[in-house]
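Read the structure below first, then the notes.
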Amino acid sequence: MSESYESFANKYLNEGNYVEAIKYYLFAAKSYQEDGGIFLEDAANCYNNASTLYTEMGNFDRAIIYYQKAIACYLKIEPDIEDKKSLFHNIVAVCEDIAISSTASENYDDGSKFFLKALEFLTKILEMEDDLIKRYINNQIVLDYSLCSLCFIMNNEEEKAVNFVKKAAEIAHGAKSSQQTEISTLTSIYTVHILKRNHDAALKLLKEEIEPNAPLFSCRSTGLQAQIMTLLYKVFHKYFPGEQMYYYKEKIEEGIVKIREKAYRMIALHSMFFGNRDIARAEWKEIYGLLIGKVNNEDVIITDAIPITSGKKYEVEFESEHYSKAAEIDSIAAEKDLFVTGWYHSHPGIGLFLSNTDVKNHMGYQSINPKAVALVFDFTDLDENNLGFKIFKLDNPSSHISKYHLISWKIIKGTAPNYKEIINIHKDFIENIISLMKSRKSMGYEEISKTLDVSKFIVAELLPEIIKRHGLDIILDQENQRYITKDLLFRKILNLSREFNPLPIKNIVSSFGMTKEQAFEILEEMVQTNLIHGEIHRASEQFVKK
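Note that the sequence shown covers residues -1 to 544 in the working numbering.
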């Protein structure tokens, strides 16, 4: 059973579904722990994996709980001599992760405590390793001494900080490394600049050397790397508070986001169409769209939400094929004196936060427009008191690793969204579309949008999927943005065949906005069902009626 749980966890991890992966890692860990003995290491590793995913999601408090369970399991293991190094390496990694996670809640006592515990085991490992590995271990010792010094600084224990950074410098010098850009060495030099109140040197090193190389911090998640950068910045702001005041002032003056009720409904519809309780969880998919609106003083006004792409399993990204669609949307918005004010996407079942991919995506928006926002929707957060979304901005869009924060919002213009209506919005839309197609054999997207009071872009995005899911005999003319039932299409092609013999395939293509291959397939179906009599000539691209 334990291995099955772990197998499920690995499966969800590979799919990017961190919430389910964590759940099954914890099931596996508990099961392994109950088995005890040789399975304790497996239990510890599963607790460890769950904690690392929590740090990736920014939930450091939960991460610490399970890191400590991992430590407890590791310390109960009685390894052979050969396995002792591996065990100590695992203990070091967990201690470092707890230390870094503790700084997220400003618990610098635990931060320094667990860095010291990591250093204790690193010293033991140093005695066991060969010279090649010792260099790596020394670099890690330098980094942990430096980070421990930063915790002492934040705890107003400057004398301890000075002593520890001296130890870091001695070890770095003794290692005789010629690579002065080693991230551990850079961090120790930065700490020295901070303690000497050398503002310009510290800031230059932080911005030009450490931040661009932040991925070199030996952490098991980008969330932990980002937290180290946060610690470095907090220490800087502690000694140079003038810059910190400016940092917080930017946030306070942001204003709020005002969302038109119809725009919210389009976001909910687009999101829930691809992720809802009627679809198996394994089939839930993320979606991505643009927010259209304007800025009024400090407030962002969102008037519309336009879909860009749908149906990605996890981690949606803006790709090359979406640029032409975005350009069209931008052009239409400009005619109304509106513009792109940000983007929205869904996190079905995984919570309301920005992943690392999301942060990268939003850097592109906010670096161009400082007011741009990112809206995240998760239908599993919907209830009578919660509309299932949050809105975020980056603290610093020009930073290599940027943290983010929440923005206040309110719904404007329209009836306040009703939970029962929103939770079924996708069902109602599908029923209404199918009802329309039964009563109207052909209809344009513009007319559908007016009839159902939805965006024509949402119609164009969801209509093909509805036809596919429900096996409807409907043909889409995407070029002219309309649908036509198959029986009406057959009649129209029959009329064309009476007018032209032979009938050029290009006439069907141009008349009904389909590809040549679609035209051939329709003709073949008509011939096979005896709706039309003749021969299809693919070489000359024509139909000869008999």
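The beta-carbon is built from N, C-alpha and C at its ideal position, and this holds for glycine as well. Note that the coordinates shown come from a computational prediction; the quantities given were computed from them, not determined experimentally.
Tell me residue i's beta-bridge partners as DSSP assigns them.
{"i": "Tyr402", "result": "Leu392"}
{"i": "Tyr481", "result": "Met441 and Leu474"}
{"i": "Lys194", "result": "In DSSP, Lys194 forms no bridge with anything."}
{"i": "Tyr342", "result": "Gly287 and Leu373"}
{"i": "His535", "result": "Gln540"}
{"i": "Asp297", "result": "Asn294"}
{"i": "Lys256", "result": "Ile299 and Lys408"}
{"i": "Phe337", "result": "Gly291"}
Using 10 angstroms around the beta-carbon of residue i, count the other beta-carbons present and answer buried if the total reaches 16, otherwise exposed.
{"i": "Ala42", "result": "buried"}
{"i": "Ser99", "result": "buried"}
{"i": "Lys544", "result": "exposed"}
{"i": "Arg195", "result": "exposed"}
{"i": "Glu477", "result": "exposed"}
{"i": "Asp335", "result": "exposed"}
{"i": "Ser115", "result": "It should be pointed out that residue 115 corresponds to Lys in this sequence rather than to Ser. Answer is buried; the Cβ neighbour count reaches 16."}
{"i": "Arg496", "result": "exposed"}
{"i": "Ala332", "result": "exposed"}
{"i": "Ser176", "result": "With a pLDDT of only 38 at Ser176, under 50, the local geometry of the prediction cannot be trusted, and the value read off the model is given with reservation. When all chains shown are included, Ser176 counts as exposed."}
{"i": "Thr527", "result": "exposed"}
{"i": "Met264", "result": "buried"}
{"i": "Glu284", "result": "buried"}
{"i": "Ile36", "result": "exposed"}
{"i": "Ala552", "result": "With the chain covering -1 to 544 only, the question about residue 552 has no answer from this structure."}
{"i": "Ile187", "result": "buried"}
{"i": "Glu459", "result": "buried"}
{"i": "Tyr3", "result": "buried"}
{"i": "His360", "result": "buried"}
{"i": "Met524", "result": "buried"}
Tell me the DSSP secondary structure of residue i in three-state form.
{"i": "Val452", "result": "coil"}
{"i": "Lys74", "result": "helix"}
{"i": "Asn274", "result": "coil"}
{"i": "Leu380", "result": "strand"}
{"i": "Leu385", "result": "strand"}
{"i": "Asn528", "result": "coil"}
{"i": "Pro462", "result": "helix"}
{"i": "Leu352", "result": "coil"}
{"i": "Ile409", "result": "strand"}
{"i": "Ile304", "result": "strand"}
{"i": "Leu501", "result": "strand"}
{"i": "Ile327", "result": "helix"}
{"i": "Gln177", "result": "The predicted position of Gln177 is uncertain, since its pLDDT is 42 and thus under 50; a value taken from the coordinates is nonetheless stated next. Three-state DSSP puts Gln177 in coil, outside helix and strand."}
{"i": "Gly469", "result": "coil"}
{"i": "Ala414", "result": "coil"}
{"i": "Asn154", "result": "coil"}
{"i": "Gly511", "result": "coil"}
{"i": "Pro210", "result": "helix"}
{"i": "Ser365", "result": "coil"}
{"i": "Asn422", "result": "coil"}
Hey, residue i and residue j: beta-carbon distance below 8 angstroms or not?
{"i": "Pro305", "j": "Gly291", "result": "no"}
{"i": "Arg279", "j": "Gly347", "result": "yes"}
{"i": "Lys391", "j": "Ala224", "result": "no"}
{"i": "Ile421", "j": "Leu450", "result": "no"}
{"i": "Asp545", "j": "Phe510", "result": "The structure shown has nothing for residue 545, since the chain only spans -1 to 544."}
{"i": "Cys71", "j": "Leu117", "result": "no"}
{"i": "Ile503", "j": "Lys490", "result": "no"}
{"i": "Trp282", "j": "Phe271", "result": "no"}
{"i": "Pro395", "j": "Ser433", "result": "no"}
{"i": "Asn505", "j": "Leu494", "result": "yes"}
{"i": "Thr53", "j": "Leu222", "result": "yes"}
{"i": "Val452", "j": "Pro500", "result": "no"}
{"i": "Ile409", "j": "Ile257", "result": "yes"}
{"i": "Tyr443", "j": "Arg467", "result": "no"}
{"i": "Leu267", "j": "Ile456", "result": "yes"}
{"i": "Tyr30", "j": "Ala48", "result": "no"}
{"i": "Glu207", "j": "Asp142", "result": "no"}
{"i": "Asp107", "j": "Asn153", "result": "yes"}
{"i": "Val298", "j": "Lys388", "result": "no"}
{"i": "Val140", "j": "Leu120", "result": "no"}
- prompt: Where are the beta strand (DSSP E) runs, 3 residues long or more, that stay fully inside the region 71 to 131, in chain order?
  reply: Listed in chain order, there is nothing to give.
- prompt: What alpha helix (DSSP H) runs, 4 residues minimum, are completely inside the region 214 to 242?
  reply: With a minimum length of 4 residues, the continuous alpha helix (DSSP H) runs that stay inside the region 214 to 242 are 220 to 237.
- request: Just list the beta strand (DSSP E) runs in the region 0 to 83, keeping only unbroken ones of 3 residues or longer that don't cross its boundaries, in chain order.
  value: For the region 0 to 83, not a single whole beta strand (DSSP E) run of length 3 or above is found.
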